[in-house]
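Asker: Under the working numbering, the letters of the sequence shown match residues 24 to 157, in that order. We put the CB at the ideal spot given by N, CA and C, even for glycine. None of the values given here were measured: they were computed from a predicted structure. Before anything else, here's the structure in question.
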Amino acid sequence: MIGGRVLDTTALTDYATCRIYARALVGAALRSGALVLAVPSGALLAARGQLSESARASLTELVALAPVVVDELTAETAGRCGDLLARSRARPPGEAVDAAHVAFSARTRGWPIVTSDPERLLALDAALGIERLP
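Structure representation (structure tokens):
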């Protein structure tokens, strides 16, 4: 059975800035053939907005790798992510579109989220699986 992880904005920025754990996770996915990494496009947008040109190039390379799938933010998905935000008990601080897309992707796939900021995501859905980055 193929399983996976959902990468949030912090995981993507860690990968792009060559943090060891994020790089090792992608390496493990490449070697295993049984681990898929989902990248919600909302998180990809947010991460790219925080990074240098060379780090953005790393993200371009990441999303082209075989074990990586990009979850698109379609009109239907945007509506469902907006509903998730509207129903949340505590809205995450700051811009929350990326967090809502990550939470929605993880909930839909049934996969844990790789993140260094779990509180932001758990504010949207306390039942989300979290794999904390060191």
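So, does the region 99–115 touch the region 34–48, judging by three or more C-beta pairs under 8 Å?
Answerer: At 8 Å Cβ cutoff, the stretches do not touch.
Asker: GLU76 by DSSP, collapsed to three states: which one?
Answerer: Here the question's residue 76 lines up with position 53 in the sequence shown. Three-state result, GLU76: helix.
Asker: Could you pull out every residue in the same chain whose Cβ sits closer than 7 Å to the Cβ of ALA34, ignoring the five residues on either side in sequence?
Answerer: Residue mapping note: residue 34 aligns to position 11 of the sequence shown, counting from 1. The residues are ALA45, VAL137, THR138, LEU156.
Asker: Please report the residue range of the alpha helix (DSSP H) in which GLU118 lies.
Answerer: Locating residue 118 in the sequence shown gives position 95, where the first residue counts as 1. First-last for GLU118: undefined, no H or E at that position.
Asker: Just to confirm my understanding: we take VAL91, look at its own chain, exclude 5 residues before and 5 after, and list those with CB closer than 7 Å. What are they?
Answerer: Translated into the one-based positions of the sequence shown, residue 91 becomes position 68. Only LEU60, VAL62, LEU85 meet the Cβ criterion.
Asker: In whole angstroms, give me the CA-to-CA distance for ARG133 and LEU53.
Answerer: Numbered from its first residue, the sequence shown carries residue 133 at position 110. Numbered from its first residue, the sequence shown carries residue 53 at position 30. Note that residue 133 is Gly in the sequence shown, not Arg. Cα to Cα, the separation comes out at about 21 Å.
Asker: Can you list, in chain order, the stretches of the beta strand (DSSP E) that have 3 or more residues and sit fully within the region 24–57?
Answerer: List check, beta strand (DSSP E) in window: 26–30.
Asker: So what does DSSP say about PRO157, is it helix, strand or coil?
Answerer: Taking the sequence shown and counting its residues from 1, the one referred to as residue 157 is at position 134. Looking at PRO157 - three-state DSSP - the assignment turns out to be coil, as it is neither helix nor strand.
Asker: Counting only the same chain and skipping the five closest in sequence on each side, list residues whose C-beta sits under 7 Å from that of ALA119.
Answerer: Taking the first residue of the sequence shown as 1, we reach residue 119 at position 96. Around ALA119: LEU108.
Asker: Between PRO78 and ALA89, what straight-line distance do the alpha-carbon atoms span, to the nearest angstrom?
Answerer: The residue given as residue 78 occupies position 55 in the sequence shown. The residue given as residue 89 occupies position 66 in the sequence shown. According to the sequence as given, residue 78 is Ala; it is not Pro. Taking the straight line from one Cα to the other gives about 20 Å.
Asker: Do ASP121 and ALA57 come within 8 Å of each other at the CB atom, strictly closer than that value?
Answerer: Here residue 57 refers to the residue found at position 34 of the sequence shown. Here residue 121 refers to the residue found at position 98 of the sequence shown. Not a contact, by the Cβ cut-off of 8 Å.
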